[in-house]
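*Asks:* Residue numbers (the working numbering): 715 to 1015.
1) Would you mind stating whether residue 956 and residue 992 have Cβ atoms separated by less than 8 Å?
2) Given a threshold of 16 other Cβ atoms within 10 Å of its Cβ, counted over all protein chains shown, does residue 1014 qualify as buried or as exposed?
3) Where does the unbroken beta strand (DSSP E) through residue 803 begin, and where does it stop?
4) Hey, quick one: how far does the alpha helix (DSSP H) through residue 908 stretch, first residue to last?
5) Less than 8 Å separating the beta-carbons of residue 924 and residue 953?
6) In whole angstroms, what is the alpha-carbon distance linking residue 861 and residue 901?
7) So what does residue 969 bridge to, in DSSP terms?
8) Let me know the beta strand (DSSP E) ranges lying completely inside the stretch 828-907, each 3 residues or longer, listed in chain order.
9) Any idea which residues DSSP pairs residue 922 with across the strands?
10) State the Cα-Cα distance for the pair residue 820 and residue 880, rounded to the nearest angstrom.
11) Are residue 849 and residue 906 close, meaning C-beta to C-beta below 8 Å?
12) Please tell me whether residue 989 and residue 931 are closer than 8 Å, where the distance is taken between their beta carbons.
13) On the three-state DSSP scale, how would you describe residue 951?
14) Smallest Cα separation from residue 888: which of 873, 970, 817?
15) Does DSSP put residue 964 in a helix, in a strand, or in coil?
16) I need the DSSP call for residue 729, collapsed to helix, strand or coil.
17) Between the C-alpha atoms of residue 839 and residue 979, what's the straight-line distance to the nearest angstrom?
18) What did DSSP end up calling residue 815 once you bin it into helix, strand or coil?
19) Using the Cβ count rule (16 or more neighbours within 10 Å means buried), how would you classify residue 725?
As structure tokens, then:
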């Protein structure tokens, strides 16, 4: 087991995200994500714009990590995701953040895009559990991570909040430079459901389970439908679904004019209608004006 952890979560030949750069981060080499071995975060605070079962009335204890292995052209968090920025923290300091967020009343600890720091975050999770920390841990992921990496978190992660962004390789290559994204997202989702096969609520707050999240892009209803068809066909109503309409044009999209607009209401409605036609019972659906830059957090710890 320890040997598997060393291999799957190692910074020496990094395979923590789907790019599997295999660089030696311990020797100062940087892969696609540009991250070293020290964790960097941009924000740690109660967040009220996650799914209602995570945020509730007191917020999800959300920790935003810097850098990213995906680099989507439309990323709303580019200040943080494009480079190693923010505050450097140790494993012990991360554990202290867990307790701070718990004392603020948060329902859970929510790791946003922490894939490239998986080893350090796992160490912090394990240390916190050994000390009796009991809030649920939420793995808020792009979905771009191999199952063998996620297997090392079994018994530690309570809730998987998994993106499934693209169905076709052509689209994932265009918008995220990750042709293999669809294959890896399927693999990651399969492992998440294996670990958390049923969801569990305490009142209106989720304590355990999988949420499959899909952000609808302009003109890409087909991607969304295919993702829902596949996922619901495989997992049915044993997982939760979150259909997001909040896409906001962000950054320099001159080379991608087709997504330099918000999602039309009729596009989103088509996706919702399709989800209902499948027999989907456990889905979060957004209403009204949700595509606002004010929902994008300011990054300061």
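Every residue, glycine too, gets a C-beta built ideally from N, C-alpha and C.
*Replies:* The relevant details are as follows:
1) Numbered from its first residue, the chain shown carries residue 956 at position 242. Numbered from its first residue, the chain shown carries residue 992 at position 278. Not closer than 8 Å, so no.
2) Walking along the chain shown from the start, residue 1014 turns up at place 300. Residue confidence is low: residue 1014 scores 40 on pLDDT, short of 50, so the model does not pin down where it sits. No coordinate-derived value is stated.
3) For the purposes of this step, residue 803 is taken as the residue at position 89 of the chain shown. Segment 801-803, the beta strand (DSSP E) holding residue 803.
4) Residue numbering aside, residue 908 sits at position 194 when the chain shown is read from its first letter. Taken as a continuous stretch (DSSP letters only), the alpha helix (DSSP H) holding residue 908 covers 895-909.
5) As a first step, residue 924 must be located in the chain shown, where it is residue number 210. As a first step, residue 953 must be located in the chain shown, where it is residue number 239. Yes, the pair counts as a contact, with Cβ atoms nearer than the cut-off.
6) Counted from its first residue, the chain shown places residue 861 at position 147. Counted from its first residue, the chain shown places residue 901 at position 187. C-alpha separation (whole angstroms): 6 Å.
7) In the chain shown, residue 969 corresponds to position 255, counting from 1. None, per the DSSP bridge assignment.
8) Annotation note: the stretch 828-907 contains the following uninterrupted beta strand (DSSP E) runs of length 3 or greater, listed N- to C-terminal: 851-855, 873-877.
9) Residue mapping note: residue 922 aligns to position 208 of the chain shown, counting from 1. For residue 922, the beta-bridge partners assigned by DSSP are 914.
10) Sequence index remark: in the chain shown, residue 820 carries index 106 (1-based). Sequence index remark: in the chain shown, residue 880 carries index 166 (1-based). Computed Cα separation, rounded: 31 Å.
11) Working through the chain shown from its first residue, we reach residue 849 at position 135. Working through the chain shown from its first residue, we reach residue 906 at position 192. With a cutoff of 8 Å on beta-carbon distance, residue 849 and residue 906 are scored as not near each other.
12) For the purposes of this step, residue 989 is identified with residue 275 of the chain shown, where counting begins at 1. For the purposes of this step, residue 931 is identified with residue 217 of the chain shown, where counting begins at 1. Their beta carbons are not under 8 Å apart, which means residue 989 does not touch residue 931 by this criterion.
13) Here residue 951 is taken as the residue at index 237 of the chain shown, counted from 1. Collapsing the DSSP output to three states places residue 951 in a helix.
14) The residue you call residue 888 lines up with position 174 of the chain shown. With distances taken between Cα atoms, residue 888 lies closest to 970.
15) In the chain shown, counting from the first residue as 1, residue 964 sits at position 250. Shown here, residue 964 sits in coil according to DSSP, grouped into three states, outside any helix or strand.
16) Position 15 of the chain shown, counting from 1, holds the residue named residue 729. Residue state, collapsed to three classes: coil.
17) Mapped onto the chain shown, residue 839 falls at position 125. Mapped onto the chain shown, residue 979 falls at position 265. Within the model, the alpha-carbon separation for residue 839 versus residue 979 is close to 40 Å.
18) Position 101 of the chain shown, counted from the first residue, corresponds to residue 815. The answer is helix: DSSP assigns residue 815 an H, G or I state.
19) The sequence position of residue 725 within the chain shown is 11, counting from 1. Within 10 angstroms of the beta-carbon of residue 725 lie 16 or more other beta-carbons, which makes it buried.
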